[in-house]
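Here's the structure, in structure tokens; my notes come after.
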Amino acid sequence: MGGGDLKAMAVAAPAESQQMPIRSGGGRVGRHRPRPRRTAGRRPQDESVSTLDDQSLEDLLAMMAGAADSAEVQVQGCDVLRRKAAGVEGQSEVGSLGGIEAAMKAMQHPAARVMGMSALEKITTCHAKNTAALVEKEGIQAVLQAMTASLQEVSLQEAGCKVLCNATTCNAEFQTQIIKCGAVKVVLDALRTHVASPTVQELGCRALKELAAYNTESQESIYMQGGIQVVLRAMERHPTLANIQVNCCGVLRNLAACNSQQQEAIVSRGGVQLVLDAMNAHAAANVQWACCWTMFCLCVHNKEMQAEVSAYGAVRTAVNSMEMHRAEGRVQEAASWLLKELAEPTSHDKTLFSAALQAMLKAVEKHPMNQTVQKATRAALQSFSAHDTDGWVRTACLGRCGRLGRAATMRTLEAIQE
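Letter 160 of the sequence shown, counting from 1, is numbered 170 in my numbering, and no numbers are missing.
Listed below in structure tokens is the structure:
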């Protein structure tokens with residue numbers, strides 16, 4: 011019999027003929043029963059969250075309301091609310107069906123505070139209607155109470171600062187309400203407690219910046235509660251983190267503008283040097299812009315502070331910044347306003363005076379259509395001209411006539427003669 015016939019027979023053989031022989035005891039010869047899988051040490055798969063995800067939002071909220079005493083249900087429910095609030099449509103649905111109230115109630119459980127705060131942050135961020143609902147339902151008070159009660163929870167402080175910042179920037183009325191609820195103290199407590207946390211420092215200083223914007227009550231509150239020291243310590247502790255430097259500069263800027271007492275407090279505590287250190291450490295345009303505006307606010311309308319800021323070398327740093335970011339209109343504008351305030355002390359150093367003058371004229375040339383740059387540079391040139399006994403400003407303007415064009419040169423000359 012050939013090999014091909016054997017193969018054909020094997021294929022055609024009935025299945026029974028290929029079965030293993032049977033032992034007398036009933037077991038099969040040569041085959042072992044499969045061992046059960048080991049489960050010791052393994053966490054059983056938690057299907058509760060996936061089950062909650064599959065529920066409709068109405069059913070989820072009903073379940074949370076029905077299990078109000080269960081911290082575990084509240085934590086899981088807030089987690090699902092947080093995920094369902096992804097995107098504007100998700101935020102709108104969660105907010106309209108009562109997700110804000112559910113998260114606020116959940117935070118009454120200490121174990122659910124972190125997840126509840128995270129849910130509120132996701133539901134309200136950049137959503138004006140939900141933010142308004144949070145404020146109207148006394149959600150800010152709930153946020154501040156949770157931040158105070160769980161001061162050691164880093165993630166809760168982070169989310170809480172985000173909620174406060176978002177609500178503060180919504181409108182001036184909300185800003186005032188949030189300030190009256192005691193937000194300044196709560197944010198400062200978070201910053202003092204979590205000095206080593208870059209995220210808390212960044213978000214906390216950002217919240218302070220927005221709380222202080224155009225609000226003298228908040229500015230005074232931050233000052234009286236030692237906020238200047240807290241902000242300067244954040245800059246000193248995290249010199250390599252650009253976002254912290256930018257947000258800290260924002261706080262100092264809002265505190266110092268046209269307030270001589272707070273200008274002197276910041277400068278006397280080493281604020282100018284910290285701002286210059288940030289400029290030297292971070293070449294990015296947003297850092298240079300923020301620092302130039304901060305130094306401007308530290309000395310605007312204050313001759314004593316102008317002399318102090320100038321003594322630190324602020325003019326040379328501002329000129330370097332303008333040269334580094336020639337195409338950045340916002341840097342040219344901020345640096346020009348700073349140079350305007352420092353014209354008088356700069357006039358005693360002819361080399362520095364000339365360098366600053368050329369930097370401003372280059373900004374005029376580079377940004378002919380940028381009205382904010384034109385306004386700032388002309389104001390600075392006018393201030394420099396007022397302290398120019400040798401006519402250098404006029405001569406420099408005429409010398410760049412070929413680059414500026416006749417019309418621009420005439421406008422610049424008119425500005426410095428006003």
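Glycine is no exception: its CB is placed at the ideal position from the N, C-alpha and C atoms.
In this structure, residue 298 and residue 289 form a Cβ contact; the two beta carbons are roughly 6 Å apart against a cut-off of 8 Å.
For the 8 Å CB-CB criterion, residue 185 and residue 225 form a contact. With fewer than 16 other Cβ atoms from the protein chains shown falling within 10 Å of its own Cβ, residue 136 counts as exposed. The C-beta distance from residue 221 to residue 191 rounds to 11 Å, too long to meet the 8 Å contact threshold. Residue 267 holds the alpha-carbon nearest to the alpha-carbon of residue 230 among 210, 63, 267. CA-to-CA, the gap between residue 198 and residue 401 works out to about 51 Å. Leaving aside the five residues that flank residue 112 on each side, the residues in its chain whose CB is nearer than 6 Å to its CB run, in chain order, 71, 74. Counting other Cβ atoms within 10 Å of its Cβ, residue 128 reaches 16 or more and is therefore classed as buried.
Contact annotation: the stretch 327–340 touches the stretch 371–385, with at least three C-beta pairs closer than 8 Å. Minimum Cα-Cα distance from residue 296 among the listed residues 276, 308, 332 corresponds to 332.
DSSP, read as helix, strand or coil, puts residue 140 in helix.
Ranking 372, 363, 405, 143 by CA distance to the CA of residue 397 puts 363 first. Using a Cβ distance threshold of 8 Å, residue 406 and residue 381 do not count as a contacting pair. If the five residues before and after residue 77 are omitted, its C-beta is found closer than 6 Å to the C-beta atoms of 83, all from its own chain and listed in chain order. The C-beta of residue 356 has 16 or more other C-beta atoms within 10 Å across all chains shown, which makes the residue buried. Taking C-beta atoms as the reference points, residue 300 and residue 260 count as a pair closer than 8 Å. Restricting attention to alpha helix (DSSP H) runs no shorter than 4 residues, the stretch 242–273 encloses them at 252–266, ordered along the chain. Assignment of residue 89 by DSSP, reduced to helix, strand and coil, places it in the helix class. The beta carbon of residue 202 sits closer than 7 Å to the beta carbons of 240 from its chain, once the five residues preceding and following it are set aside; these are given in chain order. Relative to residue 242, the option among 309, 167, 258 whose CA is nearest is 258. A distance below 7 Å between beta-carbons, with the five flanking residues on each side excluded, links residue 166 to the following residues of its chain, in chain order: 123, 124, 127, 156, 157, 160. Pairing residue 118 with residue 150 gives a Cβ-Cβ distance that is not under 8 Å. Here residue 395 is buried, its C-beta having at least 16 other C-beta atoms within 10 Å. Counting of Cβ neighbours within 10 angstroms places residue 358 among the exposed residues, the total staying below 16. One alpha carbon belongs to residue 145, the other to residue 66, and they sit about 26 Å apart.
Per the C-alpha coordinates, the member of 248, 216, 101, 195 positioned closest to residue 207 is 248. Judged by their CB atoms, residue 219 and residue 264 are nearer to each other than the 8 Å cut-off.
For residue 341, the uninterrupted alpha helix (DSSP H) run begins and ends at 339–351, by DSSP. Using a 10 angstroms sphere on the CB of residue 97, the tally of other CB atoms stays under 16, which defines it as exposed. Taken through DSSP and simplified to helix, strand or coil, residue 380 comes out as coil.
For residue 170, same chain residues with a beta-carbon under 6 Å away, outside a window of 5 residues either side, are 127, 153, 157 in chain order.
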